[in-house]
Structure formats: C-alpha cells, structure tokens
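Structure first, then comments.
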Amino acid sequence: MAVAASTELECVNIMLAAIGEAPINKLTGLLPVDARTAQSTLLEVNRSVQSEGWSFNMEFNVVLTRDAITQQITISNNVLKIDTNVYDHPTTDIIQRGLKLYDRKNNTFLLDGDVTCHITYFRDFVELPEPARYYMTIKAARLFVDRLIGDDGLRTYTAQDEARARAILMETDLSNADHNVLTGDPNLNNPINTFTPADVLNR
Numbered sequence: 004m005a006v007a008a009s010t011e012l013e014c015v016n017i018m019l020a021a022i023g024e025a026p027i028n029k030l031t032g033l034l035p036v037d038a039r040t041a042q043s044t045l046l047e048v049n050r051s052v053q054s055e056g057w058s059f060n061m062e063f064n065v066v067l068t069r070d071a072i073t074q075q076i077t078i079s080n081n082v083l084k085i086d087t088n089v090y091d092h093p094t095t096d097i098i099q100r101g102l103k104l105y106d107r108k109n110n111t112f113l114l115d116g117d118v119t120c121h122i123t124y125f126r127d128f129v130e131l132p133e134p135a136r137y138y139m140t141i142k143a144a145r146l147f148v149d150r151l152i153g154d155d156g157l158r159t160y161t162a163q164d165e166a167r168a169r170a171i172l173m174e175t176d177l178s179n180a181d182h183n184v185l186t187g188d189p190n191l192n193n194p195i196n197t198f199t200p201a202d203v204l205n206r
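Residue numbers for the sequence shown follow this note's numbering, so the first one is 4 and each next one is one higher.
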C-alpha cells in the first residue's frame, strides 16, 4: 500500500497529540480552541519557513507586466518576497510595498516598464514537499507546546528532532536547486561567476 504525503489535518493532529488532546477529523467549521490554536500555529510557522525562500517556492526571472493605464505593477497576495536585479534595472530601486511595486530611488509607484524579478511565493500546504511538511510540523509542535504548557518535560519533540528535520529539508532543497560554483547564481548571466554561499547555507 502506497503511503501518501502528510496532510495539514494529520499535522494538526500530531500537534494536538503533543499536548495529550484527542485528534479531530476536519479543519473547517466549529473547532475546539486547542485545534484552532494548533492550526493557526502551523500556518504561522508555514509562513515563516517559506519566507526564507526554497527551491519549491522561489521563481527566477519572472516578468511582471506594468499596467498600460496606471503605469503601476500590482502583485498577487501570495508573494512573500520580491528581489530585482540591479543589472536589469540600473536606474531604479524597486521594492514591494503592499501589493504594488515601488521605485524607492525615484519615490514613486509609477514605473517606466515591465520588471524582471525573483519571487518567493507562499505555497499551499498540499504543494509543499514532504521534508518541508515534516519540518514545519515538528517546529510548530514545539512552539505549540511551549505556548500552551511551557514545560520542557512534556515536549514530545526535542530541539534535536527539529534540527534533524531541518537538515533533511536543507539536504533535499540543495539537491533540487542544483547549485554549482559555475552557474549557481540566477542573478548572473556570466557562467564563470559563482553563487553566493550565504544565499544557500545561511538558513
């Protein structure tokens, strides 16, 4: 029998088990207080982890099209971070402000053209690879227990468990990202330039 990837419901139930609570059978409708707290804690950790930027939620050289009438660029609400390449846009300093792009150098939302950028997206839980789901579950369970009970002796998962889960995620991510010293940096067009180690290892 094939084993499916863990679901958000399973992860919430793991968190509930960590404080000795009974599992639930759904994540919608009227839920017990502890279940709602577990669900919100998992979402909090999910956002935090995905904000770091991983191979499964980063896209490079995405072209965002400027509106011909407003001369502005509106971004979707699942964007966590945007980074533009100074070599592609040398006369501007474009950042995310709310759900629009803002030119900080010229102090305006009005842009002179389309913008090419690297985007970190928030992915739904079902889109995440299993190592990411597992790491988020362990991290969220530890945070959940700390907030509700605060007793080290009652922790189901240790700091070592969390570190081990993160190491598995990082190993998987580095493998999927296919980094190498010649062509590893998507910001660079010259194949002899190297990637920045801190971008990969500083997790």
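Every residue gets a Cβ at the ideal spot worked out from N, C-alpha and C, and that includes glycine.
(request) Give a yes or no on contact between the stretch 19-38 and the stretch 129-149, applying the rule of three or more CB pairs nearer than 8 Å. (result) The stretch 19-38 vs the stretch 129-149: in contact.
(request) Helix, strand or coil for Thr44, going by three-state DSSP, please let me know. (result) DSSP, read as helix, strand or coil, puts Thr44 in helix.
(request) Can you tell me which of Ala25, Arg69, Phe112, Glu130 puts its alpha carbon nearest to the alpha carbon of Met61? (result) The shortest C-alpha separation from Met61 is found at Glu130.
(message) Going by beta-carbon coordinates alone, are Phe83 and Thr119 separated by less than 9 Å?
(response) Rather than Phe, the amino acid found at residue 83 in this sequence is Leu. Contact flag unset, no.
(request) For Asn80, count neighbouring C-beta atoms within 10 Å of its own C-beta (all shown protein chains included) and say buried if the count is 16 or more, exposed if not. (result) With fewer than 16 other CB atoms across the displayed protein chains lying within 10 angstroms of its CB, Asn80 is exposed.
(message) Which of the three DSSP states is assigned to Arg100 in this structure?
(response) In the structure shown, Arg100 adopts extended strand secondary structure according to DSSP, grouped into three states.
(request) With distances taken Cα to Cα, identify the nearest neighbour of Leu12 among Leu30, Ile171, Leu177. (result) In this structure, Leu30 is the residue among Leu30, Ile171, Leu177 with its C-alpha nearest to the C-alpha of Leu12.
(message) If you follow the beta strand (DSSP E) that Ile85 is in, where does it begin and where does it stop?
(response) Here the beta strand (DSSP E) through Ile85 covers 82-87.
(message) With a threshold of 8 Å on Cβ separation, who are the neighbours of Val65 within its own chain once the five nearest residues in sequence on each side are excluded?
(response) For Val65, the CB contacts under 8 Å within the same chain, skipping 5 residues up- and downstream, are Thr119, Cys120, His121, Ile122 in chain order.
(message) Let me make sure I understand the geometry here. Which of Thr68, Ile76, His92 has the alpha-carbon closest to that of Arg100?
(response) Nearest C-alpha to Arg100: Ile76.
(request) Give the DSSP-derived three-state secondary structure of Ile171 in the structure shown. (result) When DSSP states are grouped into helix, strand and coil, Ile171 belongs to the helix group.
(request) Please list the segments of the beta strand (DSSP E) lying wholly inside the stretch 104-169, counting only runs of 3 or more residues, in order along the chain. (result) As far as the stretch 104-169 is concerned, its whole beta strand (DSSP E) runs of at least 3 residues are 118-124.
(message) Can you tell me which residues form a DSSP beta bridge with Val65?
(response) DSSP lists Cys120 as the beta-bridge partner residues of Val65.
(request) Less than 8 Å between the CB atoms is what I'm expecting for Lys108 and Thr87, so what's the real figure, rounded? (result) About 11 Å; that fails the 8 Å criterion.
(request) Please work out which residues of its chain come closer than 6 Å, Cβ to Cβ, to Lys142, disregarding the five sequence neighbours upstream and downstream, and give them in chain order. (result) Hits under 6 Å: Val48, Glu165.
(request) Measure the Cβ-Cβ separation of Ile98 and Ile85 and say whether it is below 9 Å. (result) Against a cut-off of 9 Å, the Cβ pair of Ile85 and Ile98 comes out as a contact.
(message) Restricting to Cα atoms, I'd like to know which of Leu46, Tyr138, Leu102, Arg39 is closest to Asp176.
(response) Measuring from the Cα of Asp176, the nearest candidate turns out to be Tyr138.
(message) Using C-beta distances below 6 Å, list every residue in its chain close to Trp57, excluding the 5 sequence neighbours before and after it, in chain order.
(response) Within the same chain, Trp57 has close Cβ partners Asp176.
(message) Determine whether the beta carbon atoms of Leu34 and Cys14 lie at a separation below 9 Å.
(response) Their beta carbons are not under 9 Å apart, which means Leu34 does not touch Cys14 by this criterion.
(message) Whole angstroms are fine: how far does the CA of Val89 sit from the CA of Arg69?
(response) If you draw a straight line from the Cα of Arg69 to the Cα of Val89, it is about 18 Å long.
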